[in-house]
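Participant: Submitted below is the structure of interest, expressed as structure tokens.
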Amino acid sequence: MSTHNLYVFNFEDSSVYTVILPISSPTPTKNSMLSWARDGQSNQKASAAFLKNPDGFVITTHPLLTEVNAHQLRMNILYEAQRNDLDVTNSVKRCEASLIKHVQDSLLINKDK
Numbered sequence: 057m058s059t060h061n062l063y064v065f066n067f068e069d070s071s072v073y074t075v076i077l078p079i080s081s082p083t084p085t086k087n088s089m090l091s092w093a094r095d096g097q098s099n100q101k102a103s104a105a106f107l108k109n110p111d112g113f114v115i116t117t118h119p120l121l122t123e124v125n126a127h128q129l130r131m132n133i134l135y136e137a138q139r140n141d142l143d144v145t146n147s148v149k150r151c152e153a154s155l156i157k158h159v160q161d162s163l164l165i166n167k168d169k
């Protein structure tokens, strides 16, 4: 089972963005995330958050998680952000669907063992 890092971006305008990457991926930096947003590689809401707050965000890393744990933790963070009336730039529905898919895949893999 592969290991992933969950990165949470908290912006000064009270918006939140999350991304899950394999540990083999480069660690996101402020410059790389701004470049990513400018190049249109992110969703419009995430791009707007990075471009609106170019120096006003903090990256928190939750390292060395299984893929399922990373998706579960992401959902906990996004739901908490919504409860606290923060602007969530991720598509919560898409993140929920991704969590369900990873849990189902994990159950299938474990069933075959």
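Numbering (my numbering), first residue to last: 57 to 169. Backbone N, C-alpha and C define an ideal beta-carbon position, used for all residues, glycine too.
#1: Would Asn140 be called buried (16 or more neighbouring beta carbons within 10 Å of its own) or exposed?
#2: List the residues that DSSP assigns as beta-bridge partners of Ser71.
#3: What whole-angstrom Cβ distance do Val148 and Leu134 have, given they're in contact under 8 Å?
#4: Determine the DSSP secondary structure at Ile79, reduced to helix, strand or coil.
#5: So, Phe67 versus Ala93, is the Cβ gap smaller than 8 Å?
#6: Let's test the definition: count the other Cβ atoms within 10 Å of the Cβ of Arg150 and tell me whether it reaches 16, buried, or not, exposed.
#7: Count the other CB atoms, across all protein chains shown, that sit within 10 Å of the CB of Ile156; report buried if there are 16 or more and exposed otherwise.
#8: Determine the direct distance from the alpha carbon of Lys101 to that of Thr116, and round the result to whole angstroms.
#9: When DSSP builds the beta bridges, which residues end up paired with His118?
Facilitator: Looking at the coordinates:
#1: Counting from 1 along the sequence shown, the entry for residue 140 is found at position 84. So Asn140 ends up on the exposed side.
#2: Taking the sequence shown and counting its residues from 1, one reaches residue 71 at position 15. Beta-bridge partners of Ser71 (DSSP): Asp143.
#3: Numbered from its first residue, the sequence shown carries residue 148 at position 92. Numbered from its first residue, the sequence shown carries residue 134 at position 78. Right, their Cβ atoms sit about 6 Å apart.
#4: If you number the sequence shown from 1, residue 79 lands on position 23. Coil.
#5: Position 11 of the sequence shown, counting from 1, holds the residue named residue 67. Position 37 of the sequence shown, counting from 1, holds the residue named residue 93. Not a contact, by the Cβ cut-off of 8 Å.
#6: If you number the sequence shown from 1, residue 150 lands on position 94. It is exposed - the Cβ of Arg150 has fewer than 16 other Cβ atoms within 10 Å.
#7: As a working note, residue 156 is residue 100 in the sequence shown. The C-beta of Ile156 has fewer than 16 other C-beta atoms within 10 Å across all chains shown, which makes the residue exposed.
#8: As a position in the sequence shown, residue 116 is number 60, starting the count at 1. As a position in the sequence shown, residue 101 is number 45, starting the count at 1. Cα to Cα, Thr116 sits roughly 20 Å from Lys101.
#9: If you number the sequence shown from 1, residue 118 lands on position 62. In the DSSP output, where bridge partners are listed per residue, His118 has Leu62.
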